[in-house]
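Heads up, the sequence shown is in numbering that gives the first Met the number 0, so the first residue is 0 and it goes up one at a time.
Report on one structure; see the data block that follows.
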Amino acid sequence: MSYDSIIGHRTMALDGVRNAAYQAALESIITPDSVVLDLGAGLGTLGMLAARLGARRVYLVEPSNVVSVTRELVHRNGLQARVRVLQGRIEDLELPEPVDVITSVMTGNFLLSEDLLPSLFHARDKYLKPGGRLLPSEAVMEVMPVSLPTYYAEHVACWQQPHLGLDFGAAQEAATNSIYWSRSKFAAATPLAPAQPLLHMDLDAAQSTHCRATTEFSLTTDGSLHGWLGWFRMQLGEAWLSTSPFEPLTHWGSAFLPLPQAQDGHAGDAAGFSLLRPPGGPWSWTEPHPHGRLRPRDPRRHGRRDLHQGDCLAAAGCAPGGGAG
Ligand SMILES: C[S@@+](CC[C@H](N)C(=O)[O-])C[C@H]1O[C@@H](n2cnc3c(N)ncnc32)[C@H](O)[C@@H]1O
Numbered sequence: 000m001s002y003d004s005i006i007g008h009r010t011m012a013l014d015g016v017r018n019a020a021y022q023a024a025l026e027s028i029i030t031p032d033s034v035v036l037d038l039g040a041g042l043g044t045l046g047m048l049a050a051r052l053g054a055r056r057v058y059l060v061e062p063s064n065v066v067s068v069t070r071e072l073v074h075r076n077g078l079q080a081r082v083r084v085l086q087g088r089i090e091d092l093e094l095p096e097p098v099d100v101i102t103s104v105m106t107g108n109f110l111l112s113e114d115l116l117p118s119l120f121h122a123r124d125k126y127l128k129p130g131g132r133l134l135p136s137e138a139v140m141e142v143m144p145v146s147l148p149t150y151y152a153e154h155v156a157c158w159q160q161p162h163l164g165l166d167f168g169a170a171q172e173a174a175t176n177s178i179y180w181s182r183s184k185f186a187a188a189t190p191l192a193p194a195q196p197l198l199h200m201d202l203d204a205a206q207s208t209h210c211r212a213t214t215e216f217s218l219t220t221d222g223s224l225h226g227w228l229g230w231f232r233m234q235l236g237e238a239w240l241s242t243s244p245f246e247p248l249t250h251w252g253s254a255f256l257p258l259p260q261a262q263d264g265h266a267g268d269a270a271g272f273s274l275l276r277p278p279g280g281p282w283s284w285t286e287p288h289p290h291g292r293l294r295p296r297d298p299r300r301h302g303r304r305d306l307h308q309g310d311c312l313a314a315a316g317c318a319p320g321g322g323a324g
């Protein structure tokens, strides 16, 4: 799906939970002197909110052809005197002035998916005034070990069974090397331990989206471990918005990173999780000890899951519309 089409913008522009969080943050920082950049504006929802709150000038920067609709929306809402729509990538444009606020939705389903954050860093370094504000200003990737038997059986273990008398076992390796994305299905998961932060990004200062992060869990519940759920939360003004499947639903999906085999987990077992994801590159994640009870992490014995970007895109959710904001 392309950002050129209105279809990809519906779930973002009409995401009530997300919009309420951005609106509350904008209300707390916009003044009549504010100059605002809505980066990757899409239909311009956030920038138009800023203009309605009284911002002196708002720049909506959006490369896709959806800007023809955005321009119409700005006029219909009577905001054309203070809102300018600029079509292009932020890297290819020149804004006429520095800005006090950059609001953006450059966060993919698992924060780094879609690789839009480097464009935010570029805009921040080039246009944000000293003391200016970013919305969001911080983001944290979180992971949780889960039992997810029905979903796992349908999407991963299904390949173990012959179909039409044919052996599909080889497909299971590809299935376990894929990330699964869903907005709502993972709320059925049973957490085997509370979520842990995996990667923290201070968006005011971050320069890289390279991820090499590890977190350790002590299981708090007995159950079959099928893999990990991953999502992110971000700071908007004073508040935090979480895209966890256990929180009010937003348009973002969460990620399920499966194990090759379900493992018996017991309260008190240690389970380590590591994620490696170079900018724009494949996602790799480690699993706990592959035989028997979970144990403290031993890097020599841990398998590594490898996923190529193309697989991720095919798995839906990294792609525009299903992916970031
Ligand atoms: C996740 S969407 C957010 C759309 C809109 N802000 C919203 O919340 O509805 C990200 C947007 O960033 C735009 N985008 C992608 N790369 C960009 C770049 N280099 N500079 C500016 N915008 C970009 C995309 O076309 C897309 O519309």
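Glycine residues also receive a C-beta, built at the ideal position from the N, C-alpha and C atoms.
Predicted, not measured: the structure shown is a model, and the values here were computed from it.
Does at least one heavy atom of ligand 1 sit under 6 Å from the Cβ of R9? no
On the premise that A40 lies in contact with E26, defined as a C-beta separation below 8 Å, what is that separation, rounded to the nearest angstrom? With 8 Å as the limit, E26 and A40 do not qualify as a contact, their Cβ atoms being about 19 Å apart.
Report the start-end ranges of each alpha helix (DSSP H) in the segment 151-191 that is 4 residues or longer and not cut off at the edges. 169-175
G168: CB within 6 Å of a non-hydrogen atom of ligand 1: no
Those residues which DSSP pairs with L94 across a bridge: Answer is none; L94 lacks a bridge partner.
Could you tell me if D14 is buried or exposed, where buried requires 16 or more neighbouring beta carbons within 10 angstroms of its beta carbon? buried
Suppose contacts are defined by Cβ-Cβ distances below 7 Å. Is G229 in contact with V142 by that definition? yes
Strictly by DSSP, which residues pair up with G77? DSSP, once it has assigned bridges, lists no residue as partnering G77.
Exposed or buried, Q160, counting other C-beta atoms within 10 Å across all chains shown (16 or more means buried)? exposed
At which residues does the alpha helix (DSSP H) containing P126 begin and terminate? Here residue 126 is Tyr; the residue named in the question, Pro, does not match the sequence. Run containing Y126: L116 to Y126, per the alpha helix (DSSP H) assignment.
Between D37 and chain D, is there a C-beta pair that is closer than 7 Å? Judged by its chain identifiers, the structure shown contains no chain D, having just a single protein chain.
Check whether V104 and H199 have beta carbons under 7 Å apart: The Cβ atoms of V104 and H199 lie no closer than 7 Å to each other.
Can you tell which of W251, L191 and V98 has the C-alpha that lies nearest to the C-alpha of L133? V98
Opening and closing residue of the beta strand (DSSP E) in which V104 lies: Run containing V104: none; DSSP gives neither H nor E here.
In or out: L240 buried (at least 16 other Cβ within 10 Å) or exposed? Looking at its Cβ environment, which holds 16 or more other Cβ atoms inside 10 Å, L240 is buried.
Among C210, S217, H225 and T249, which one has its Cα closest to the Cα of G280? C210
What do you reckon, are the CB atoms on D32 and R55 nearer than 7 Å? yes
Express the C-alpha separation of T10 and A205 in angstroms, rounding to a whole number. 28 Å
Could you please give the first and the last residue of the uninterrupted beta strand (DSSP E) stretch that includes Q86? Segment V82 to Q86, the beta strand (DSSP E) holding Q86.
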